[in-house]
Amino acid sequence: MKINVLVLPHIENALAVKLTQLQKDYLLLDGNITWVGGRGSGRTFVHCIRLALSKGEPLNIEYPEKFSDYGDGSMRYARGFYRSMFMDIWTKLNDYGFKVRQIKMK
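If you read the sequence shown in the working numbering, its first letter stands for residue 240, the second for the next number, and so on.
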């Protein structure tokens, strides 16, 4: 799904958040921006949103290290923190009515 300014308020409503301008820019420009900030700046959050709303082959949620953002580069990060955040966002967007990317378990 191509994210545009008309979709942003619906994403915010679905997730019960207010996105920062940097997060909005990241979503609108397909992630093609220089991210300013480190841990806790919301980059993983919007990466999960963009991925959940993207088109492509189903994502194998058993191996999130194949599609997660870098994090600390470990499988522990991908299979712990990232997978949990992604599934929370994916579920909320799906429940709201967005067409989300399919996931599989094997």
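For glycine and all other residues, C-beta sits at the position ideal for the given N, C-alpha and C. Predicted model only: the values in this text are computed from it and were never measured.
Identify the continuous alpha helix (DSSP H) that holds residue 248 and give its terminal residues. First-last of the alpha helix (DSSP H) with residue 248: 247 to 254.
With a threshold of 8 Å on Cβ separation, who are the neighbours of residue 324 within its own chain once the five nearest residues in sequence on each side are excluded? Cβ neighbours of residue 324 beyond the five flanking positions: 283, 284, 287.
Can you list, in chain order, the residues of its chain whose CB lies under 8 Å from that of residue 345, leaving out five sequence neighbours each side? Counting only Cβ-Cβ distances below 8 Å, and skipping sequence neighbours, we find 299, 301.
Give the range of the alpha helix (DSSP H) segment to which residue 262 is assigned. Residues 260 to 267.
Per DSSP, what kind of secondary structure is residue 294 in: helix, strand or coil? Note: residue 294 maps to coil in three-state DSSP.
Which of the three DSSP states, helix, strand or coil, is assigned to residue 299? DSSP places residue 299 in strand when its eight states are reduced to three.
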